[in-house]
Amino acid sequence: MGPYFQKHLPKKIRATITSVKSMGNQLGMAVGLLIFGFLADFIGPQKIIPLAGIFGLMAIYCLVKIKD
Numbered sequence: 304m305g306p307y308f309q310k311h312l313p314k315k316i317r318a319t320i321t322s323v324k325s326m327g328n329q330l331g332m333a334v335g336l337l338i339f340g341f342l343a344d345f346i347g348p349q350k351i352i353p354l355a356g357i358f359g360l361m362a363i364y365c366l367v368k369i370k371d
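Per the working numbering, the very first residue in the sequence shown carries number 304; after that it's consecutive.
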């Protein structure tokens, strides 16, 4: 997403948007790992790992569909 931001954001707000994006990534990872661990305890990792893979495939699909 770096080149996308460089191309489409004005210089004045580019650093702020990049910082917010980075913070969102860190918070998303923290929350996602907590949820993954919680569900793995109750449902079992054998069922949660494929579910995480499905979410990963959906994320890849969305990234591929982004137009420059």
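We treat Cβ as the ideally placed atom computed from N, Cα and C, and that holds for glycine.
CB contact flag (residue i, residue j, <8 angstroms)
i	j	result
C339	I320	According to the sequence displayed, residue 339 carries Phe and not Cys. Cβ atoms of F339 and I320: not closer than 8 angstroms.
Residue closest to residue i, alpha-carbon to alpha-carbon, out of the options
i	options	result
K324	L337, K315, F308, A362	F308
G335	L312, G359, R317, K314	G359
Euclidean distance between Cα positions of residue i and residue j
i	j	result
I363	N328	15 angstroms
P348	M332	18 angstroms
K315	S322	13 angstroms
G343	K310	Looking at the sequence itself, residue 343 is Ala, so the reference to Gly does not match. Straight-line Cα distance between these residues: approximately 40 angstroms.
P313	G356	35 angstroms
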